[in-house]
Amino acid sequence: MDLLSYLPFTLPHPALLLAGVLEGTVLAAVLALTALGLSIVFGIMRVVNVAHGEFYMLGAVLAWFITHTITGAVGGPPWLGFAVALIVAPLIVAAIAATTDWLILKRLNYDPEATIVATIGILYILQQLALTFYGPDARPVEAPFDFRVQTPYFGYSGYKLCVVGAAILLMLVVWLVLTRTKIGFVMRATQYDSETAQAFGIPVDKVYAGVFALGAGLAAIGAVLIVPIQQAHYLMGGDPLLLSFIVVILGGLGSLKGTLVAAIFIGLSDGIISTLYEPTLAKILATLLVAMVLVFRPQGLFGARAA
Amino acid sequence: MLTLSNIDAFYGNVQVLRGMAMEVQRGEILCLLGRNGAGKTTTLKTIMGLVQARTGSITLDGDDIATLPAHEIPKRGIGYVPQGRRLFAEMTVAENLEIGLMTRGKGRKVRERMLDLFPVLRDRLKQVSGTLSGGEQQMLAMARALCLEPSVLLLDEPTEGLQPSMIALIRDVVTELRGGDTAIILVEQRVDAVLSIADRVLFIENGTPREAVDADELRKEPALVQRYVGIA
Ligand SMILES: Nc1ncnc2c1ncn2[C@@H]1O[C@H](COP(=O)(O)OP(=O)(O)OP(=O)(O)O)[C@@H](O)[C@H]1O
Ligand SMILES: [Mg+2]
């Protein structure tokens, strides 16, 4: 006798479920990278970077320019254009972020409230610059390679699986840098007490510029990885910003471990719910979850209790 | 060695230092005495570049250091023990020492010397510094600053909340540093501690230097202290 037939709803077909899990994993990987950038900036600088999604958008748009130039104008192979974009686009975005830090955030003394207002301004400036120079169209970037990985039910994009692998590798690198290197050590000292850090020779201004660049660069890398799957568009920064905020709030502000766990959770559930039901439902549930966390556990699932 | 002249400093629009001035030589202990809020801590922060002097000059061996970025000042050999210790509380004892060593690129030899000087720290290298006792924390704050092998040492109320044996240890260390030709500026509330160690005492009132007095004179006539600050 079939017990399952007693359930008040029908279980989805396993093929659909698997598709949802795979899509969710890709989303989770890219989201984890992007949210990690937001989380590091907040953790070390106490700056809520509302323009984070625009650095993501810039990464995608620059990736289009770079691949378009190399494959279109010069006639190079797609993998070459993509490889160059993967390295150069995040570096350009990081440089723009460091300049922004120096021109704007530093002059506000990193005041937590003033920087929120300032980054809202930066959001619109970057968006309008992209609209002016890139235009209102969504444009595709060709994947550097594609092959199919056969599952029991269907063939799945090998590129998407590589995105997951690349994201995991990058996060491992970031984690090693933060915990095992002198740069990470100096960043932590700055995070704990920036004034005393200065009194011991740590160039806090440079650390902040570097952290802001790193945060933006991580978002840009996430965007370059995603742009062969989604298209590059000047308004594409909204969703990653919202999801990153959800992840960072769920995980606990400034907690890297929490950020990762929350990104995996939100990415997977978003992927599964979007595939089985619809994307709007996924966003509604995530937002509800954030509301619950804010009410019952405002420090986040992994954050330290506020002092 | 270290000279401040005519320093004005502000927090926002509020002026805290008004014409602050002092001079300290190698092998000398200058004590700053003044009421709460007189501007002693602000004076030390201004020397460290953590508060910007709006006017006046700060020179170290003749070089103007007031215009240097804050992180360059410790590299010139000024060690700082802040009020309230200001350890990196989430970091271990070893990591706090490491930050001091990094400042001027000192190595294992200096580290060993610090651990000999403050043996309590040797047993606790792996301990998170926020969990140390108050006395141990003060030892660590001293050791971290001494890791620079500083030629000028700024101490902001290093004996605050410590038991007499710890105070004695700190006094011994400071006295020995003076013998080693370090210039020391010591902020202290306790007049007895000041009198037992200082070479000169500078009275500060309302962000302004009032009078620099030879400590010997005060030792002969402690009532003078009353006249200058009314604390005792
Ligand atoms: N960060 C700050 N912002 C604004 N005002 C400040 C700040 N720090 C200190 N002040 C003010 O500056 C004045 C001098 O403070 P300072 O800490 O230098 O005094 P102090 O002599 O060290 O006092 P204490 O003996 O209590 O340590 C005080 O009136 C204080 O309220
Ligand atoms: Mg003080």
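Chains Y and F, in that order, give the protein sequences. Adding 18 to a residue's 1-based position in the first sequence gives its number in my numbering. Adding 131 to a residue's 1-based position in the second sequence gives its number in my numbering. We put the CB at the ideal spot given by N, CA and C, even for glycine.
Original post:
At a Cβ cut of 9 Å, what residues of the region 194-207 of chain Y count as close to chain F, listed as they run along the chain?
Top reply: Residues K200, F203, V204, R206, A207.
Original post:
Hey, which residues come within less than 7 Å of ligand 2, measuring from Cβ to any heavy atom, in chain order?
Top reply: F/K171, F/T172, F/Q214, F/D287, F/E288, F/V318
**OP:** Check Y/R64 in the structure and name its three-state DSSP category.
**Re:** coil
Original post:
Hey, does F/M179 have any beta-carbon neighbour from chain Y nearer than 8 Å?
Top reply: yes
Original post:
Can you list, in chain order, the residues of its chain whose CB lies under 8 Å from that of F/Q294, leaving out five sequence neighbours each side?
Top reply: G266
Original post:
Taking all protein chains shown into account, do 16 or more other C-beta atoms lie within 10 angstroms of the C-beta of Y/A325, making it buried, or fewer, making it exposed?
Top reply: Interpretation of Y/A325 is limited by its pLDDT of 35, a score under 50 that renders its predicted location unreliable; the figure taken from the coordinates is listed afterwards. Label assigned to Y/A325: exposed.
Original post:
Using a C-beta to C-beta distance shorter than 9 Å, which residues of chain Y count as neighbours of F/K206?
Top reply: G219
Original post:
Quick one: does Y/V222 have its CB under 8 Å from some CB of chain F?
Top reply: At least one CB of chain F lies nearer than 8 Å to the CB of Y/V222.
**OP:** Measure the Cβ-Cβ separation of Y/V192 and Y/I264 and say whether it is below 8 Å.
**Re:** no
**OP:** Using three-state DSSP, classify Y/V92 as helix, strand or coil.
**Re:** coil
Original post:
From Y/F83 to Y/R206, what distance separates their C-alpha atoms?
Top reply: 36 Å
Subject >> Of the listed residues F/L263, F/L133, F/L161, F/R321, nearest to F/G193 (C-alpha basis) >> reply: F/L133
Original post:
If we count the other Cβ atoms within 10 Å of its Cβ and call it buried at 16 or more, is Y/Q145 buried or exposed?
Top reply: The residue is buried, with at least 16 neighbouring Cβ atoms inside 10 Å.
Original post:
Just to confirm, are F/A201 and F/G180 a CB contact at a threshold of 8 Å?
Top reply: Yes, these two residues count as a Cβ contact at 8 Å.
**OP:** Check each candidate in Y/L147, Y/D288, Y/G235, Y/P297 and name the one with the smallest Cα separation from Y/A103.
**Re:** Y/G235
**OP:** Pick helix, strand or coil for F/R149, following the three-state DSSP scheme.
**Re:** strand
Subject >> Closest Cα partner of Y/F73 within the set Y/V222, Y/G55, Y/G173, Y/T87 >> reply: Y/G55
Subject >> Chain-ordered neighbours of F/R217 on chain Y, where CB pairs are closer than 9 Å >> reply: Simply D211, E213, T214, A217.
Original post:
At a cut-off of 7 Å, is F/G292 close to ligand 1 when judged by its beta-carbon and the heavy atoms of the ligand?
Top reply: no
Original post:
Along the chain, which unbroken stretches of the alpha helix (DSSP H) at least 4 residues long are found entirely within the region 229-298 of chain F?
Top reply: 239-248, 250-253, 265-277
Original post:
What do you reckon, are the CB atoms on F/D330 and F/L161 nearer than 8 Å?
Top reply: yes
Original post:
In or out: F/T262 buried (at least 16 other Cβ within 10 Å) or exposed?
Top reply: exposed
Original post:
Quick one: what's got a C-beta closer than 7 Å to F/L349's C-beta in the same chain, skipping five residues either side?
Top reply: L326, V332, L355, V356
Subject >> F/T339 (DSSP reduced to helix, strand or coil) >> reply: Strand.
Original post:
What in chain Y is Cβ-close to F/T234, meaning under 7 Å?
Top reply: F218, G219
Subject >> Buried versus exposed, by CB contacts within 10 Å (16 or more), F/N255 >> reply: It is Arg, not Asn, that sits at residue 255 of chain F in the sequence shown. By the 10 Å Cβ count, F/R255 comes out buried.
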